[in-house]
Every structure is written in C-alpha cells, then in structure tokens.
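First residue of the sequence shown: 861, per the numbering used here; consecutive thereafter. Cβ atoms here follow ideal geometry from the backbone N, Cα and C, with glycine treated the same way. Each remark here refers to the structure printed beneath this line.
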Amino acid sequence: MPALDHAHGTAPDNDLDNDRDRDRDNDGDQAPAPALQLLRLDHAPALLAFEYENRAYFAVSVRDRGESYFARFAERLGDLLTEQAAGLHYFHVLVSGDGTTADEVIGRVNLVDVADGSAELGYRIAEKAAGKGLATEAVREVCALAAETYGLTTLRAAAHHDNAASRAVLEHAGFTATGESEIDGRPATHYIRTLS
C-alpha cells in the first residue's frame, strides 16, 4: 500500500465567516462555500493539479512525495479508489466552485487504515487557501462523517512540533494530545479524538 500522510495541515484556524464575507460580490451574493466530497475518479485532473501546484509548499511541512508519485498518479489513484471501495480508507477532497467536476481541489482530508472502529486522519490545504479556517472546518466535517456515515468511534492524528497550524487545527477540531514521537526524524505530537 502506498505511504499516506499524517495530519500535517498547513492552514491556521481563522474565522471562516470573515473570509466568506470578503468573497461577496457587488450584488451581495455569497461565493459558493468550498465543498467536501468523497474522492472519485473524475477528481483526478484537479487533484493532480493541486498536488503539483502545492508541491514545494507541502514539502516545507512533510516529506516530498517524489517523482514516482506523479509518474504513477493514475495507477496509484485507481488503487486507492479500490481500497476506498473496500472500506479500508476514505479519501476526501475540498473543492471550490459550484460542484462540477471542473472544480478546483483546494484541500484533502483523508481517513486511512480503517479498522476496528478507528482510522488515522491526514489533511493538507492549498497554499492559496491557507489561513481561512478551511482546514478546521473540513476536519470537523470529516469527523462527523466518520461517526455518522463510516461508523467510526476513534480518530488518530499526528503533527510535527514545528507545524503550529496543524496542531491548532487538531486542537480546534476536538483532538487531544496523547504523546510524542519522531516522524521522519522530526519531533511530533500524537492526537486522538473519540467520536460520539
């Protein structure tokens, strides 16, 4: 199975409503809010663009995926969707726009290694979408899906000590620190959230 990210988000938690207010046009209409969607094959072009466009930004916080990730993207995505269909993982994309397949992916929130009512949470938000509270809102939404739709009772996550934004997202989304270790040679905090 391909390596999957731990929770190494990149968006600090701010008030989402303030950012949406700035997106209103002159007529007072509100821009569509980003939507969290279960990953589908038709997300592939937008997902690949998201990963390419944010590669250097993500590499500051997490290990770079490497050239093979991009070279084998279609094959890997097919494998992941097969595993998702088997209930081993639940992959979500945060899309901006009106809900069409041409929408732009601005984030990912994944539940991996689903077993015995538990899963590991991982997420990443596009650089241009960071600082708008989107990571916290998306993580909260996935927590609700985990409990209500996927029947999970516990989520685990980890964040590097030098990634204050990711730690804040987890804490604002109701996760509690449980211990520390090293991930990729860097100190990290582990978190858990019991779902109700």
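For VAL920, the number of other beta carbons within 10 angstroms of its own is below 16, and it is reported as exposed.
In this structure ALA979 is not in contact with VAL969, their Cβ atoms being roughly 11 Å apart against a cut-off of 8 Å. One alpha carbon belongs to ASP902, the other to THR942, and they sit about 14 Å apart. Put simply, the region 1001-1008 does not touch the region 923-935. Fewer than three CB pairs are less than 8 Å apart. A distance of 8 Å or more separates the beta carbons of PHE918 and VAL965.
Around the beta-carbon of LEU1012, 16 or more other beta-carbon atoms lie within 10 Å, marking it buried. In this structure, the straight-line span from the alpha carbon of LEU1030 to that of THR996 is close to 7 Å. Counting along the chain, the unbroken alpha helix (DSSP H) around THR942 starts and ends at 933-945.
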